[in-house]
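What follows is one structure encoded as structure tokens, with my remarks underneath.
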Amino acid sequence: MPQPNRIIPPVHVRRHPGTAGAGVGAPGSGSGVSPNPRKPLSVHDIRQTKEYKTAARKWLSTIVALPVLLYTSYILYERVVGNQRPKRLVGEQGQQQKGEQQGERGEQ
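What follows is the structure, given as structure tokens:
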């Protein structure tokens, strides 16, 4: 036996649940029991999954590494193109030289 042809109205003509014009007993009108009741899904915390932890670790690494990478690249670029000298830490020799310079200034 052949199945009957179903006529599906275009999307703009279809009635949506809860809109005005829905008849009594029509789906979505709020009366009666819905034909296919859905059971609520159990609450599952996505943060406990392996995929989430992997993605979070990669994202955090990116957030931390990008500023360091950008600043370091800028400083190295300035040294190469801008002819800037690298900064030096002042050690014992630097303090002695500093003291000698101050002594010379005081004598003049």
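Per the UniProt record's numbering: the sequence shown = residues 1 to 108.
Just so you know, even glycine gets a beta-carbon here, dropped at the ideal spot from N, CA and C.
- At the C-beta level, GLU92 and GLN84 stay beyond 8 Å of one another.
- Rounded to the nearest whole angstrom, the CA to CA distance from LEU60 to TYR74 is 22 Å.
- Taken atom to atom, the span from the alpha-carbon of ARG47 to that of HIS12 is near 40 Å.
- In the three-state reduction of the DSSP assignment, PRO67 falls in the helix class.
- In the three-state reduction of the DSSP assignment, ILE75 falls in the helix class.
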